[in-house]
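A.B. asks: In our numbering, the protein residues as written are 36 to 136.
We put the CB at the ideal spot given by N, CA and C, even for glycine.
Predicted, not measured: the structure shown is a model, and the values here were computed from it.
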Amino acid sequence: MNPTEIVIITKLLKMAKLEVDISQLLVNPMNDGGMGSLAIGYNYDSRQLGQEIAEYMFKDLDGTPVSAALNIDKQGNLYELDIWKVDFSPTQMRNKLDTHP
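1) Find out if the Cβ-Cβ distance for the pair I107, G71 is shorter than 9 Å.
2) Could you tell me the alpha carbon to alpha carbon distance between G76 and W119, rounded to whole angstroms?
3) Using a 10 Å radius around the Cβ and a threshold of 16 neighbouring Cβ atoms, would you call M92 buried or exposed?
4) Run through DSSP, which three-state label would D108 get?
5) Would you report the Cα separation of L104 and E40, rounded to the nearest angstrom?
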């Protein structure tokens with residue numbers, strides 16, 4: 036994970052009141068048009084989305100609102116970091132995320 040992804044996941048885990056060693060997470064970029072979503076876990080494709088456990092809204096460097104949501108699978112395991120920029124354009128937040136709500 037890059038530094039921005041670490042900041043986002045750390046913030047969402049804190050909001051969800053979960054303690055996870057993020058250095059042990061296996062993540063892969065998702066095909067989302069460059070918005071920045073990550074699949075979590077080696078068996079991502081064989082699992083199903085359960086529910087959102089935390090969400091953080093912020094503005095990208097261009098001022099466009101972005102939602103970062105942490106989701107778990109149906110068994111309660113971390114499933115994905117879902118990044119959605121409201122205009123569907125690629126995020127520009129890399130390494131410059133404003134970490135204050």
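C.D. replies: Result, derived from the coordinates:
1) If you number the sequence shown from 1, residue 107 lands on position 72. If you number the sequence shown from 1, residue 71 lands on position 36. In this structure, G71 does not lie closer than 9 Å to I107 by Cβ.
2) The residue given as residue 76 occupies position 41 in the sequence shown. The residue given as residue 119 occupies position 84 in the sequence shown. Going from the Cα of G76 to the Cα of W119 covers about 20 Å.
3) One-based indexing of the sequence shown puts residue 92 at position 57. Classification of M92: exposed, given that the 10 Å Cβ count is below 16.
4) As a first step, residue 108 is located in the sequence shown; it is residue number 73 there, counting from the start. Three-state result, D108: strand.
5) Locating residue 104 in the sequence shown gives position 69, counting from the first residue. Locating residue 40 in the sequence shown gives position 5, counting from the first residue. Sequence inspection shows Ala at residue 104; the Leu mentioned does not correspond to that position. Distance between the alpha carbons of A104 and E40: 12 Å.
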